[in-house]
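If you read the sequence shown in the numbering used here, its first letter stands for residue 993, the second for the next number, and so on.
All C-beta atoms, glycine included, are put in the ideal place defined by N, C-alpha and C.
Please read these numbers as outputs of a predicted model, since none were measured by experiment.
First up is the structure itself, then whatever we jot down about it.
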Amino acid sequence: MKKEAEETVEESTKEEAEKVKEETTEEATEKTAEETVDPKDEKIKDLESQINKWKTDYYKVFADMENLKKRLKNEHANQLKYAMQSFIEELLPVIDNYERSLTVEPESEEGKNILKGNKMILNQLMNILGKNGVTVIEAQGKEFDPNMHQAVMQDDNPDFGPNIVTEELQKGYMLKDRVIRATLVKVNKD
993 MKKEAEETVE
1003 ESTKEEAEKV
1013 KEETTEEATE
1023 KTAEETVDPK
1033 DEKIKDLESQ
1043 INKWKTDYYK
1053 VFADMENLKK
1063 RLKNEHANQL
1073 KYAMQSFIEE
1083 LLPVIDNYER
1093 SLTVEPESEE
1103 GKNILKGNKM
1113 ILNQLMNILG
1123 KNGVTVIEAQ
1133 GKEFDPNMHQ
1143 AVMQDDNPDF
1153 GPNIVTEELQ
1163 KGYMLKDRVI
1173 RATLVKVNKD
């Protein structure tokens, strides 16, 4: 029995020694395989990573170019849309003076006919401006809007509610959706 136990221990020890030897051999083989990586494989990996980097750079540049195209297109559209703004801004004081001149009541029949003709000319001019996107900002009786109106005076009129425009002192104008001159107004107190 003792002999059998000794033989069993010896066999177990031999088996364990063989396992350790096999594991050591496998590890050595793996290390050797890792150490002897083919230089072509490394070159392929380097080239693939370089290609991926170039692709990423390409996509970034492509996206930047697309964004630039969109921005330039929007800027160009706005330039076209508001190209007349400086011209109209210079024309507005002339229109104001022309409208003031039409408030004078003529005494003679001939003067009344001239006044009527001048009012027709002003209407034509305003129609042309309207066709090109210029509109008058309505203010009288409306609630004060700091985006469209410029308050220059306050009023204490019981006929109007608080913060309502009681008088328009100078017309305001818009070009399409942009205020080119705010309306000068008198606003009722709160």
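Have a look at the options and flag the residue whose alpha-carbon is nearest the alpha-carbon of residue i.
i     : options                       : result
N1124 : A1075, I1113 and P1154        : A1075
N1089 : L1114, L1176, N1044 and Y1051 : L1114
R1170 : S1041, E1091 and H1141        : H1141
K1134 : P1154, E1102 and T1048        : P1154
Tell me whether the beta-carbon of residue i lies closer than 7 Å to the beta-carbon of residue j.
i     : j     : result
P1098 : L1084 : no
Q1071 : L1167 : no
V1126 : I1080 : yes
L1094 : N1119 : no
D1147 : K1178 : yes
I1156 : N1139 : no
If you run the structure through DSSP and keep just helix, strand and coil, what is residue i?
i     : result
D1049 : helix
L1114 : helix
Y1165 : strand
E1097 : coil
Residue i lies in the alpha helix (DSSP H); which residues open and close that run?
i     : result
E1142 : The amino acid at residue 1142 is misidentified as Glu; the sequence shows Gln. Segment H1141 to D1147 is the beta strand (DSSP E) holding Q1142; no alpha helix (DSSP H) there.
L1083 : Q1077 to S1093
The beta strand (DSSP E) spanning residue i covers which residue range?
i     : result
K1134 : Careful: K1134 lies outside any beta strand (DSSP E) and carries neither H nor E.
K1178 : T1175 to N1180
V1128 : V1126 to I1129
- request: Check whether the stretch 1148-1162 touches the stretch 1129-1139, counting contact only when three or more Cβ pairs, one atom from each stretch, lie closer than 8 Å.
  value: yes
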